[in-house]
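Enquirer: Below is the structure I would like to discuss, written out as structure tokens.
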Amino acid sequence: MNFPANTRAGRPCLEHLRLTGCRAMQTARPFRILGVQQIAIGGADKAPLRKLWVDLLGLTPHGTYRSERENVDEDIVTAGAGPFKVEVDLMQPVDPEKKPRVHETPLNHVGLWVDDLPVAVQWLESQGLRFAPGGIRKGAAGFDICFIHPKGSEQFPFGGEGVLIELVQAPKEVIAAFESLSAAGH
0 MNFPANTRAG RPCLEHLRLT GCRAMQTARP FRILGVQQIA IGGADKAPLR KLWVDLLGLT
60 PHGTYRSERE NVDEDIVTAG AGPFKVEVDL MQPVDPEKKP RVHETPLNHV GLWVDDLPVA
120 VQWLESQGLR FAPGGIRKGA AGFDICFIHP KGSEQFPFGG EGVLIELVQA PKEVIAAFES
180 LSAAGH
């Protein structure tokens, strides 16, 4: 199948959008991505993951989360400290035969702090970004979350380019720390 040179699989490529100044790239974003909130790693059994991330690499156990609906049983461990502490979710399926199959992609998803989640979702959808079903809801760590679907669709042509991306509402202390560092020129 042949597509115009300024597309990827029929969708406008980012380089074309940047070079031509298309409206989608000129629109100021009404939100900010503040940093990485989490990474989620899946396996058929989370015991070997815990051995690597806690016993060998020294990450700190923080809690657990189990959801039949999301088919996930996870240990939550952390790296770092303070408002930019990164959560690492070590996940195994509750039932390996059911979806979502959290263990079939070892790097399950990446979570990003966002300063205004509802505004971000509304704006990103208006730009053609596809979100996974479920909408904004409470996540395992207690923050409001939603997921960018790994693939675009006919209605929403942009997705995570094969990666499930979680947007996480940043708490006030993360936003304040980000603003403080930004003001200091870091």
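Quick note, the sequence shown lines up with residues 0 to 185 if you use my numbering.
Beta carbons: idealized from backbone N, C-alpha and C, even for Gly.
1) What's the C-alpha gap between Asp44 and Glu69?
2) What I want to know is whether the C-beta of Gly141 ends up closer than 6 Å to one or more non-hydrogen atoms of the ligand HEM.
3) Leaving out five residues before and five after Ala217 in sequence, what residues of the same chain have Cβ atoms less than 8 Å from its Cβ?
4) Give me the Cα-Cα distance between Thr104 and Ile40, rounded to the nearest whole angstrom.
5) Do you know whose CA, among Val71, Thr63, Ile144 and Gly34, lies nearest Gly133's CA?
6) Name the two residues that bound the continuous alpha helix (DSSP H) containing Ala169.
7) Counting only beta-carbon atoms, is Ile135 nearer than 7 Å to chain D?
8) Between the stretch 147-155 and the stretch 44-56, can you find at least three pairs of beta-carbon atoms closer than 8 Å?
9) Please tell me whether Ile128 and Phe146 are closer than 7 Å, where the distance is taken between their beta carbons.
10) Since Ala46 is in the alpha helix (DSSP H), which residue starts that stretch and which ends it?
Expert: In short, the structure shows the following:
1) Translated into the one-based positions of the sequence shown, residue 44 becomes position 45. Translated into the one-based positions of the sequence shown, residue 69 becomes position 70. Their Cα atoms are separated by approximately 16 Å.
2) The ligand HEM is not among the ligands present in this structure, which contains no ligands whatsoever.
3) Nothing in the structure corresponds to residue 217, since the chain is present only between 0 and 185.
4) Numbered from 1 along the sequence shown, position 105 holds the residue referred to as residue 104. Numbered from 1 along the sequence shown, position 41 holds the residue referred to as residue 40. When rounded, the distance between both Cα atoms is 8 Å.
5) Against the sequence shown, residue 133 aligns to sequence position 134. Ranking the options by Cα distance to Gly133, first place goes to Ile144.
6) Counted from its first residue, the sequence shown places residue 169 at position 170. Where Ala169 is concerned, there is no enclosing alpha helix (DSSP H), given that its DSSP letter is neither H nor E.
7) Checking the listed chains, one finds no chain D in this structure; it contains a single protein chain.
8) no
9) Walking along the sequence shown from the start, residue 128 turns up at place 129. Walking along the sequence shown from the start, residue 146 turns up at place 147. Sequence inspection shows Leu at residue 128; the Ile mentioned does not correspond to that position. Their beta carbons are not under 7 Å apart, which means Leu128 does not touch Phe146 by this criterion.
10) The count along the sequence shown starts at 1 and reaches residue 46 at position 47. Note, Ala46: alpha helix (DSSP H), Lys45 to Arg49.
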